[in-house]
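Here the protein sequences come in this chain order: P and B.
100 is the number of the first residue of the first sequence in our numbering; add one for each residue after it.
31 is the number of the first residue of the second sequence in our numbering; add one for each residue after it.
Virtual Cβ for every residue (Gly too), placed ideally from N, Cα, C.
No experiment lies behind these values; they were computed from the predicted model shown.
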Amino acid sequence: DAGVIQSPRHEVTEMGQEVTLRCKPISGHDYLFWYRQTMMRGLELLIYFNNNVPIDDSGMPEDRFSAKMPNASFSTLKIQPSEPRDSAVYFCASSWGQGSNQPQHFGDGTRLSIL
Amino acid sequence: AQSVAQPEDQVNVAEGNPLTVKCTYSVSGNPYLFWYVQYPNRGLQFLLKYITGDNLVKGSYGFEAEFNKSQTSFHLKKPSALVSDSALYFCAVRDAGRGYQKVTFGTGTKLQVIP
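Written out as structure tokens, the structure is:
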């Protein structure tokens with residue numbers, strides 16, 4: 100089975116540029132999560148979707164961040180404009196089922212560096 | 031509100047010795063508990079979970095965890111550590127109440143197995 104696929108794996112860009120991170124969840128999973136990991140803050144949940152609908156975006160840092168899930172196979176996290184403090188590893192994860200006892204399956208992340 | 035604590039930033043153990051990585055939690059209802067492992071430049075990988083039933087849960091790679099309700103703990107254990115077990119370990123908790131609840135992750139414990 101293919102796992103959660105994220106692209107790109109690495110992104111280096113200059114401050115002020117738009118950044119788009121992409122995620123393909125595991126087929127059949129109906130929950131999708133975006134996380135950010137830094138040394139200072141650890142693992143932070145940014146937003147999660149259920150059946151392509153955003154459920155909780157309270158972790159999104161500010162209006163510069165936006166996420167979409169146009170269909171069950173694809174999600175994007177966009178930062179516009181980007182700032183150096185956005186540098187982090189961004190993970191996408193997916194899970195199955197209404198039952199909340201299912202584990203999340205993580206992609207290998209996008210390492211984002213904003214210069 | 032739910033929370034999870036991993037009191038040790040790092041645990042060092044000699045190869046072949048038993049290892050324990052500690053986790054305590056707080057939820058208002060019954061907990062669903064998870065352990066994940068993260069290797070360098072990889073996403074989190076699910077190891078094991080406690081839902082209900084036996085307090086000793088067995089998982090991947092020879093790991094097990096013991097659920098202790100009175101102490102609100104869910105420590106990760108392995109009888110004999112391998113150098114390849116060196117990684118970052120995350121405990122996570124979710125309230126098993128009605129509806130979908132977000133997972134709360136701990137800050138992670140770095141396990142170093144010394145040859």
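Mapping DSSP to helix, strand and coil, what is residue i?
i       : result
S114(B) : helix
D125(B) : strand
P183(P) : helix
G92(B)  : helix
Y55(B)  : strand
K108(B) : strand
P169(P) : strand
T175(P) : strand
S103(B) : strand
L214(P) : coil
K132(B) : coil
E143(P) : strand
T137(B) : coil
Please classify residue i as buried or exposed, where buried requires at least 16 other C-beta atoms within 10 Å of its C-beta.
i       : result
I178(P) : buried
G208(P) : buried
S199(P) : buried
D84(B)  : exposed
D185(P) : buried
Y66(B)  : buried
R124(B) : buried
Y134(P) : buried
Provide the residue(s) that pair with residue i in DSSP beta bridges, ordered along the chain.
i       : result
S193(P) : L131(P) and H204(P)
In the DSSP assignment, the beta strand (DSSP E) including residue i goes from what residue to what residue?
i       : result
V34(B)  : S33 to A35
A101(P) : Neither: A101(P) is in no beta strand (DSSP E) and is coded neither H nor E.
N42(B)  : Q40 to A44
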